[in-house]
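Number of protein chains: 2
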Amino acid sequence: MHAPPNPCEMPAMDRTDGTKTGKRAKRLTGALRDAGVRITRQRAALLDVLAAADDHPDAVELHRRAEAQVPGISLSTVYRTLTSLEGQGVILRHQFEGTPARFEHAEAEHHDHMIDVETGEVMEFCSDRIERLQAQIAAELGYEIVHHRMELYVRPRRAEGESG
Amino acid sequence: MHAPPNPCEMPAMDRTDGTKTGKRAKRLTGALRDAGVRITRQRAALLDVLAAADDHPDAVELHRRAEAQVPGISLSTVYRTLTSLEGQGVILRHQFEGTPARFEHAEAEHHDHMIDVETGEVMEFCSDRIERLQAQIAAELGYEIVHHRMELYVRPRRAEGESG
DNA sequence: AGTGCAGATGCAAGTCATTTGCAGGAAACC
DNA sequence: GGTTTCCTGCAAATGACTTGCATCTGCACT
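Shown next, in the form of structure tokens:
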């Protein structure tokens, strides 16, 4: 693929560092501990699962994955923990259209999402140029951006002449 | 304010034409009738209310406003009608963070939204440059945009040196 | 104006994702 | 090891819609 103008202008997956998810889980755990949050088996499992996830699972899916480590874990604990983790800035919650909230750990660089409306697949991208334009627009109206949400709902584009 | 590069690059409110909301309501009604949708008192009231709204009311607020014209109108009718109107492309539904869905008639040009996180006020803006960048990003990854969502959650920016 | 009926309405009950009250359980600090 | 809190599981509650059903009503056709 042709060289993009800056490191932000490529899919986030290509920017992923080689860090093992185990290390990531430890960093997340440490962040929580520093914040005075008690590390229970349930939370440790959830952090583990979140650290290992390279997709965008929802609460029910995270619950299912966490049950492998903590069999009796309850869905409300998952929800409660996710809310708490989000408050600590350790994970991000995304509310895409027509689906339950999806989560991802917050260790990657900021990025936005593109959702394939046919498959539901979530892809990541980012564009410094768009970010700058957004900030500029807000500034012109006398505001500063607290956070933003940008989602592209897309469908595969077939090359002209291609069939099927 | 300094001249923006194109008519899109200004708050949508400044682009509002002088059309009376009565005319707008008639156009919306006509569009529905053409689509074979039955125009009941309830729907007429809702179209009226939507045509007159210059804010972004939610279903409950629309219900409250519609009750002035059709006292017994039920909330489920409001919901059902809003879904139907959205299907006809006559209104737009926006799902901002942490609030019930908000609606607006679809007669204005495409625009995005900026939400003041302190007051909840919704403002409109649009940027052709951002739209073009979005399309370009999707295209580079082999997709075409079906629709997109861009929301800036902002807070008033105080001029440097200002207190309070 | 009268008639028929598919589509619309109101009400109550249901759904779905998420939150919360409560009593027992278990991290953390002594 | 004993407490002190915070956390957990469960069940019930919530909020925002949606839907089943019996009744009603636009509106096309007399």
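First to last, the protein sequences are chains F and U. Numbering that gives the first Met the number 0 applies: residue 0 is where the first sequence begins, and numbers increase by one. Numbering that gives the first Met the number 0 applies: residue 0 is where the second sequence begins, and numbers increase by one. Even glycine gets a Cβ: it sits at the ideal position worked out from N, Cα and C.
L140 (chain F) has a beta carbon lying within less than 8 Å of a beta carbon in chain U. Going by DSSP, H147 (chain F) is part of the beta strand (DSSP E) stretching over Y142 to P155. Counting other Cβ atoms within 10 Å of its Cβ, D111 (chain F) reaches 16 or more and is therefore classed as buried.
In the DSSP assignment, the residues bridged to L91 (chain F) are F:E103. Among the bridge pairs identified by DSSP, D111 (chain U) is matched with U:F124. If the five residues before and after R154 (chain U) are omitted, its C-beta is found closer than 6 Å to the C-beta atoms of V116 and E117, all from its own chain and listed in chain order. Bounds of the alpha helix (DSSP H) holding A44 (chain U) are R40 to A51. Taking a Cβ-Cβ threshold of 7 Å, the residues of chain F close to E143 (chain U) are V153, R154 and R156, in chain order.
In this structure, DSSP gives D33 (chain U) a helical state, which the three-state scheme calls helix. Taking 8 Å as the threshold, the shortest C-beta distance from L132 (chain U) to chain F falls below it. With 16 or more other Cβ atoms inside 10 Å of its own Cβ, A137 (chain U) counts as buried. According to DSSP, D57 (chain U) shares a beta bridge with U:R101. Leaving aside the five residues that flank H62 (chain F) on each side, the residues in its chain whose CB is nearer than 6 Å to its CB run, in chain order, L74 and V77. Contact between A50 (chain F) and R23 (chain F) is confirmed by a C-beta separation of about 4 Å, below the 8 Å threshold. Think of a sphere of 7 Å around the beta carbon of V116 (chain U): the chain F residues whose beta carbon falls inside it are V145, in chain order. In the structure shown, E85 (chain U) adopts helical secondary structure according to DSSP, grouped into three states.
Within chain F, the residues placing a beta-carbon under 9 Å from that of R128 (chain U) are R128, I129 and L132, ordered along the chain. At a cut-off of 8 Å between C-beta atoms, E96 (chain F) counts as an interface residue with respect to chain U. Sorting U:L81, U:D127, U:V145 and U:A30 by C-alpha distance to the C-alpha of E108 (chain U) places U:D127 at the top. Here DSSP, grouped into helix, strand and coil, assigns G71 (chain F) to coil. For the 8 Å CB-CB criterion, D57 (chain U) and A100 (chain U) form a contact. Nearest CB-CB separation between I90 (chain U) and chain F: not below the 8 Å threshold. By the rule that beta-carbons nearer than 8 Å mark a contact, R148 (chain U) touches chain F. Interface residue (Cβ-Cβ distance to chain F less than 8 Å): I136 (chain U) is classified as such. The Cβ of F102 (chain F) sits no closer than 8 Å to any Cβ of chain U.
In the three-state reduction of the DSSP assignment, T118 (chain U) falls in the coil class, being assigned neither a helical nor a strand state. Contact between M149 (chain U) and M149 (chain F) holds, since their C-beta atoms are separated by about 5 Å, short of 8 Å.
Nearest C-alpha to I114 (chain F) among U:I90, U:R79, U:Q68 and U:H147: U:H147. Under a 10 Å Cβ-count criterion, I38 (chain F) is classified as exposed, with fewer than 16 other Cβ atoms of the shown protein chains found around its own Cβ.
Ranked by how close their Cα comes to the Cα of L151 (chain U), the residues F:R156, F:Q87 and F:G141 have F:G141 in first place.
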